[in-house]
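Visitor: Residue numbers (the working numbering): 689 to 805. All residues carry an ideal CB built from backbone N, CA and C; glycine is no exception.
1) Have a look at residue 700 and residue 771 and give me their C-alpha separation to the nearest angstrom.
2) Give, in chain order, every unbroken run of the beta strand (DSSP E) that is at least 3 residues long and sits entirely within the region 758-802.
3) Do you know offhand how far residue 799's Cα is from residue 762's?
4) Answer yes if the region 703-720 comes into contact with the region 782-802, meaning at least three C-beta pairs across the two stretches below 8 Å, and no otherwise.
5) Would DSSP call residue 717 helix, strand or coil?
6) Using only alpha-carbon positions, find the residue among 795, 705, 726, 805 that is nearest to residue 689.
7) In chain order, which beta strand (DSSP E) runs of at least 3 residues are fully inside the region 729-762?
8) What is the DSSP secondary structure of residue 694, reduced to helix, strand or coil?
9) Let me make sure I understand the geometry here. Which of 790, 777, 696 has the alpha-carbon closest to that of residue 735?
10) Under 8 Å by Cβ, that's how I've got residue 757 and residue 768 pegged, so tell me the actual separation to the nearest angstrom.
11) Return yes when the Cβ of residue 720 is within less than 8 Å of the Cβ of residue 782, no when it is not.
12) Contact check, residue 764 vs residue 723 under 8 Å by CB: the rounded distance?
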């Protein structure tokens with residue numbers, strides 16, 4: 689069982705930045721991949737970015753060049769730095785993790801990001 693706790697969401701204006709954090713109860717060295725997903729009202733949950741054990745990064749086209757995923761192994765935490773935010777980035781952002789030895793996908797509770805003037 690892995691607990692994931694997201695934080696850092698909030699209300700910002702277009703063009704501003706936010707950094708989301710996802711703290712895992714498991715050592716990230718035991719995690720095969722961690723990712724950020726988002727779900728806007730009335731829409732399906734979509735991939736934002738992922739980072740693997742080997743530090744391979746993947747981004748949705750809609751956030752390339754604006755968002756950056758990273759990790760701090762000493763804190764068992766993954767971050768999502770979001771720059772140049774747009775109103776269409778408004779959503780609940782979720783963190784997930786998949787352990788190396790299990791196909792189970794663990795999810796956090798989500799954090800709301802609202803981009804509005």
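Guide: Inspection of the coordinates gives the following:
1) One Cα belongs to residue 700, the other to residue 771, and the distance between them is close to 11 Å.
2) DSSP runs (the beta strand (DSSP E)) wholly in the region 758-802: 765-770, 779-787, 793-795.
3) For residue 799 and residue 762, the distance between alpha carbons rounds to 23 Å.
4) Verdict: yes, contact present.
5) Reduced to three states, the DSSP call for residue 717 is helix.
6) Considering only alpha carbons, the answer is 795.
7) DSSP runs (the beta strand (DSSP E)) wholly in the region 729-762: 734-740, 745-747, 755-760.
8) Strand, per DSSP.
9) With respect to the C-alpha of residue 735, the residue from 790, 777, 696 having the closest C-alpha is 777.
10) About 6 Å; that satisfies the 8 Å criterion.
11) No.
12) The C-beta distance from residue 764 to residue 723 rounds to 15 Å, too long to fall under 8 Å, and the pair is not in contact.
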